[in-house]
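In the working numbering, the protein residues as written are 303 to 450.
Positions of the beta carbon are idealized from the N, C-alpha and C atoms, including for glycine.
From a predicted model like this one, the values you see are computed outputs, not experimental measurements.
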């Protein structure tokens, strides 16, 4: 909606009518941009949403992805269970889990890195600050993208 179209909403109308007119225009503009795919239509979901991963990429990222799955298991699964219990009756599961992971992950990285450093006394343990996020990225790259 351009500025000139937004000005077409009468300023003499009540606030409620102006908001309703704005919302109707906004919905008309946004509706063509939203994909409506029925849940059972797996082919349409794959066609619109899936990004194909090459065989080479899957082959080279398989080992880091496995390590990523194992190394992030102690953080992800307890948080996942906790969030599922707290948000079982609403639609905010994904956003709450993402927010908790966003805040918890840096602490998890530092905790693992310091623990390994205290055990090994090797400065190489600080490479975990780079390796752990890479393994998580590798897992995201090769995991199935659509729900089963």
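Boundaries of the alpha helix (DSSP H) in which residue i is found, first to last residue
i           : result
residue 435 : 430-444
residue 336 : Run containing residue 336: none; DSSP gives neither H nor E here.
residue 399 : 395-422
Residue of the options minimising C-alpha distance to residue i
i           : options            : result
residue 380 : 358, 392, 407, 359 : 407
residue 428 : 438, 440, 412      : 412
residue 352 : 344, 359, 358      : 344
residue 409 : 430, 371, 422      : 430
residue 444 : 362, 433, 374      : 362
residue 437 : 358, 322, 313, 375 : 375
residue 399 : 378, 337, 435, 360 : 378
residue 439 : 322, 337, 373, 391 : 373
Rounded separation between residue i and residue j - CA only
i           : j           : result
residue 356 : residue 350 : 18 angstroms
residue 393 : residue 315 : 35 angstroms
residue 347 : residue 339 : 7 angstroms
residue 442 : residue 319 : 46 angstroms
residue 305 : residue 328 : Bear in mind that the predicted position of residue 305 carries a pLDDT of just 45, short of 50, making it unreliable; the figure below should be weighed with that in mind. Computed Cα separation, rounded: 13 angstroms.
residue 382 : residue 334 : 34 angstroms
residue 303 : residue 324 : Low per-residue confidence applies at residue 303: pLDDT is 47, beneath 50, and the placement is therefore not dependable enough to give any value.
residue 425 : residue 365 : 24 angstroms
residue 358 : residue 341 : 31 angstroms
residue 370 : residue 389 : 26 angstroms
residue 368 : residue 336 : 35 angstroms
residue 423 : residue 402 : 31 angstroms
residue 326 : residue 317 : 14 angstroms
residue 391 : residue 419 : 42 angstroms
residue 313 : residue 404 : 43 angstroms
residue 322 : residue 354 : 42 angstroms
residue 447 : residue 332 : 25 angstroms
Expected contact under 8 angstroms - CB spacing of residue i and residue j to nearest Å
i           : j           : result
residue 395 : residue 386 : 7 angstroms
residue 432 : residue 414 : The Cβ separation is near 12 angstroms, so there is no contact.
Minimum length 4: unbroken alpha helix (DSSP H) runs contained in the segment 341-392: As far as the segment 341-392 is concerned, its whole alpha helix (DSSP H) runs of at least 4 residues are 344-351, 357-388.
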